[in-house]
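Chemist:
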Amino acid sequence: MSSKQDYYDILGVAQDADSDTLKNAYRRLAKQLHPDVNNDESSEAQFKDLNEAYGVLSDPEKRAAYDRYGHEGLRTMGLNDFSSGFPFDDIFDQFFGESGESRRDKRRQPRRGSDLRYNLTISFEQAVNGATQEIEITRPETCSRCSGSRAEPGTSTSHCVQCAGRGEIQEVRQTFLGSMVNVTICPNCQGSGEKISSPCTKCNGIGQHNATRKLLVSIPAGVDNETQIRLSGEGGPGQLGQPNGDLYVVLTVEQHKFFQRRNDDIILELEINISEAALGTTVMIPTIDSQEELRIPSGTQPGDILRLRGLGVPNVRNGKRGDQIVITTISIPKQTTSEQERLLSELGNTFQHRARPKEHTGEKGFFEQVRQILGR
Ligand SMILES: [Zn+2]
Ligand SMILES: [Zn+2]
């Protein structure tokens with residue numbers, strides 16, 4: 012998989028290219044590489060790669076997954092099944108219209124069911140540890156009465172007049188690629204080639220109806236926002252015996268009270284007082300699993316980082332856990348009791364220096380460091 016070419020490189024666009032730039036790049040390259048105009052064998056493979064690249068980058072969710080995890084991520088999340096579910100036919104039709112002998116053969120087939128999307132919100136803990144979650148969806152299904160034939164059981168059907176039972180209508184069109192046969196599905200019979208005399212009473216001759224189903228979604232440990240889980244065959248019904256589409260469950264992870272996530276690390280900001288910072292202490296801190304004892308060394312500075320190895324998020328691909336990263340902030344009392352005031356003042360008198368400008372040392376300052384860790 013690692014030898015796979017970068018999708019942005021294939022299209023020759025920058026990583027932040029907008030959809031118009033993508034579309035234009037795709038259109039330009041597709042004209043050069045399209046098998047109808049270019050008989051070079053290598054160009055056919057390139058054309059396939061081009062379609063794949065555009066299929067991913069033109070879909071915001073797939074693009075996000077690719078940006079984040081690369082080809083491997085698409086594979087892990089079941090998004091790289093380019094043989095089905097990707098709307099290449101539609102992309103292609105958008106630009107070129109339906110054309111060519113090979114495409115006509117394909118068109119005659121009844122269509123596979125459409126892919127569906129379900130948005131699921133899960134807790135931070137579920138994202139880290141994985142979970143099995145029941146969801147309820149209402150989706151179109153093949154009619155249980157007529158099995159999708161659209162006719163009332165026991166009644167007869169005849170050939171569609173408009174397409175003479177062929178299910179498709181052909182017309183010759185002139186395009187920039189030359190003269191092409193344009194084939195469309197017959198609107199009168201939706202490609203079945205049959206005329207229904209008595210439509211099914213359950214689905215009114217549509218062949219499908221909505222049904223509400225409960226499904227179990229198995230959420231792997233380590234998922235994050237925008238992760239897609241594919242439930243194969245749980246999408247819309249295929250026409251006339253074709254396979255169903257897939258259901259994509261798209262995850263949103265709730266914010267946690269304490270924790271933030273950065274890749275596979277869990278970040279906890281820990282506020283300590285000036286005495287704890289100066290003298291050091293041992294405290295119990297929350298971890299994703301339970302609690303852990305943490306030793307704060309004496310002389311701890313604001314923004315100092317303490318790392319609890321292996322207490323982060325399991326990597327969604329290899330299960331290797333990240334770390335819990337504890338960033339210390341130091342709380343300075345806004346109000347003091349007279350006792351504290353006396354002690355602090357006494358303490359202040361023992362210091363060697365008073366307020367003074369800080370010299371640059373080349374080390375990262377507190378704010379810089381925290382910004383880098385938290386990515387903000
Ligand atoms: Zn029916
Ligand atoms: Zn017809």
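Following the numbering used here, the numbering of the sequence shown begins with 12 at its first residue and continues without gaps.
Ideal Cβ positions, reconstructed from N, Cα and C, are used throughout, including at glycine.
Fair warning: this is a prediction, and the values are worked out from it, not measured in the lab.
1. Using the Cβ count rule (16 or more neighbours within 10 Å means buried), how would you classify Ser134?
2. Are Ser342 and Ile296 touching if we call contact CB-CB under 9 Å?
3. When you compare only the Cα positions, how much space is there between Asp315 and Ile285?
4. Mind checking whether the beta-carbon of Gly333 lies closer than 8 Å to any heavy atom of ligand 1?
5. Considering Phe270, what are the terminal residues of the beta strand (DSSP E) in which it resides?
6. When every heavy atom of ligand 2 is checked, does at least one fall within less than 8 Å of the C-beta of Arg224?
7. Would you mind reading off the limits of the beta strand (DSSP E) that contains Asn221?
8. Consult DSSP for Gln346 and reduce its assignment to one of helix, strand or coil.
9. Quick one: is Ser203 buried, meaning 16 or more other Cβ sit within 10 Å of its Cβ, or exposed?
10. For Lys15, which residues in the same chain have their Cβ closer than 8 Å to its Cβ, ignoring the five residues on either side in sequence?
11. Could you check if Ala64 is buried or exposed, using at least 16 other CB atoms within 10 Å of its CB as the buried criterion?
12. In three-state terms, what does DSSP make of Lys126?
13. For Asp31, which three-state DSSP category applies?
14. In the DSSP assignment, find the alpha helix (DSSP H) that holds Asp60 and state where it starts and stops.
15. When you compare the CB positions of Ser125 and Ser69, do they come within less than 9 Å of one another, or not?
16. Do the stretch 264-281 and the stretch 166-180 make contact, defined as three or more Cβ pairs closer than 8 Å?
17. Give the residues whose C-beta lies closer than 5 Å to at least one heavy atom of ligand 2, in chain order.
18. Indicate, with yes or no, if ligand 1 has a heavy atom lying under 8 Å from the CB of Arg150.
19. Please go through the same chain and pick out, in chain order, the residues whose beta-carbon is closer than 7 Å to the beta-carbon of Arg119, but skip the five residues on each side of it.
20. Hey, quick one: how far does the alpha helix (DSSP H) through Asp20 stretch, first residue to last?
21. Near Asn255, what residues of its chain come up, given a Cβ to Cβ distance below 8 Å and the 5 sequence neighbours on each side ignored?
22. Looking at the unbroken alpha helix (DSSP H) that takes in Asn140, where does it start and where does it end?
23. Would you kindly work out how many angstroms separate the C-alpha atoms of Leu279 and Arg79, rounded to a whole number?
24. Bridge partners for Ile299 per DSSP, in chain order?
25. Got a sec? Which residues, its chain only, sit under 6 Å from Thr153 by beta carbon, not counting five neighbours each side?
26. Determine the extent of the alpha helix (DSSP H) in which Leu242 is found, giving its start and end residues.
27. Considering only residues of the same chain and omitting the five flanking positions on each side of Ser349, which have a CB-CB separation below 8 Å?
28. Counting by C-beta, which residues lie closer than 5 Å to a heavy atom of ligand 1, in chain order?
29. Since Arg332 and Asp257 are thought to touch, with beta carbons under 8 Å apart, how far apart are those beta carbons, to the nearest angstrom?
30. Rounded to the nearest angstrom, how far is the Cβ of Val294 from that of Leu319, given a contact under 8 Å?
Modeler: In terms of the structure at hand:
1. Translated into the one-based positions of the sequence shown, residue 134 becomes position 123. The residue in question, Ser134, is exposed, as its Cβ has fewer than 16 Cβ neighbours within 10 Å.
2. Sequence index remark: in the sequence shown, residue 342 carries index 331 (1-based). Sequence index remark: in the sequence shown, residue 296 carries index 285 (1-based). Annotated as distal: Ser342 and Ile296, with beta-carbon spacing of 9 Å or more.
3. The residue you call residue 315 lines up with position 304 of the sequence shown. The residue you call residue 285 lines up with position 274 of the sequence shown. Answer to the nearest angstrom: the Cα atoms are 14 Å apart.
4. Working through the sequence shown from its first residue, we reach residue 333 at position 322. Within 8 Å of the C-beta of Gly333 there is not a single heavy atom belonging to ligand 1.
5. Here residue 270 refers to the residue found at position 259 when the sequence shown is read from its first residue. It spans 270-273 - the beta strand (DSSP E) in which Phe270 sits, taken as one unbroken run.
6. Translated into the one-based positions of the sequence shown, residue 224 becomes position 213. Checking the Cβ of Arg224 against ligand 2 gives no.
7. Stepping through the sequence shown from its first residue, residue 221 is reached at position 210. That run of the beta strand (DSSP E) goes 219-230.
8. As a working note, residue 346 is residue 335 in the sequence shown. It is coil, neither helix nor strand.
9. Here residue 203 corresponds to residue number 192 of the sequence shown, with the count starting at 1. With 16 or more Cβ atoms within 10 Å of its Cβ, Ser203 is classed as buried.
10. Residue mapping note: residue 15 aligns to position 4 of the sequence shown, counting from 1. A distance below 8 Å between beta-carbons, with the five flanking residues on each side excluded, links Lys15 to the following residues of its chain, in chain order: His82.
11. The sequence position of residue 64 within the sequence shown is 53, counting from 1. A buried status is given to Ala64, since no fewer than 16 other beta-carbon atoms sit within 10 Å of its beta-carbon.
12. Position 115 of the sequence shown, counted from the first residue, corresponds to residue 126. One detail in the question is off: residue 126 reads as Asp in this sequence, not Lys. Looking at Asp126 - three-state DSSP - the assignment turns out to be coil, as it is neither helix nor strand.
13. What you label residue 31 is simply residue 20 of the sequence shown in a count that begins at 1. Secondary structure of Asp31 (DSSP, three-state): helix.
14. Here residue 60 corresponds to residue number 49 of the sequence shown, with the count starting at 1. Unbroken alpha helix (DSSP H) run through Asp60: 52-68.
15. Walking along the sequence shown from the start, residue 125 turns up at place 114. Walking along the sequence shown from the start, residue 69 turns up at place 58. Pairing Ser125 with Ser69 gives a Cβ-Cβ distance that is not under 9 Å.
16. With a cut-off of 8 Å, the stretch 166-180 and the stretch 264-281 do not count as touching, because too few Cβ pairs lie within range.
17. A distance filter of 5 Å between CB atoms and the heavy atoms of ligand 2 selects the following residues in sequence order: Cys171, Gln173, Cys174, Cys197, Asn199, Cys200.
18. Along the sequence shown, read from residue 1 onward, the residue named residue 150 stands at position 139. Arg150 Cβ: outside cutoff for every heavy atom of ligand 1.
19. Working through the sequence shown from its first residue, we reach residue 119 at position 108. With a pLDDT of only 47 at Arg119, under 50, the local geometry of the prediction cannot be trusted, and the value read off the model is given with reservation. Correct list, in chain order: Gly178, Glu179.
20. Locating residue 20 in the sequence shown gives position 9, counting from the first residue. First-last of the alpha helix (DSSP H) with Asp20: 18-22.
21. Position 244 of the sequence shown, counting from 1, holds the residue named residue 255. Excluding positions up to five away in sequence, the list reads Arg123, Gly124, Gly244, Glu245, Gly246, Gly247, Pro248, Gly249.
22. Numbered from its first residue, the sequence shown carries residue 140 at position 129. That run of the alpha helix (DSSP H) goes 135-140.
23. Counting from 1 along the sequence shown, the entry for residue 279 is found at position 268. Counting from 1 along the sequence shown, the entry for residue 79 is found at position 68. Near 23 Å, if we compare the C-alpha coordinates of Arg79 and Leu279.
24. Along the sequence shown, read from residue 1 onward, the residue named residue 299 stands at position 288. Answer by DSSP bridge pairing: none, since Ile299 is not bridged.
25. Position 142 of the sequence shown, counted from the start, is the residue given in the question as residue 153. Cβ neighbours of Thr153 beyond the five flanking positions: Gly159, Gln219, Pro248.
26. If you number the sequence shown from 1, residue 242 lands on position 231. In the DSSP assignment, Leu242 falls outside any alpha helix (DSSP H) and lies within the beta strand (DSSP E) extending over 239-242.
27. In the sequence shown, counting from the first residue as 1, residue 349 sits at position 338. No residues qualify anywhere along the chain.
28. Going along the chain, the residues that qualify are Cys154, Arg156, Cys157, Cys211, Lys213, Cys214.
29. For the purposes of this step, residue 332 is taken as residue 321 along the sequence shown, with counting starting at 1. For the purposes of this step, residue 257 is taken as residue 246 along the sequence shown, with counting starting at 1. No, Arg332 and Asp257 are not in contact; Cβ-Cβ is about 30 Å, not under 8 Å.
30. One-based indexing of the sequence shown puts residue 294 at position 283. One-based indexing of the sequence shown puts residue 319 at position 308. About 13 Å separates the two Cβ atoms, so there is no contact after all.
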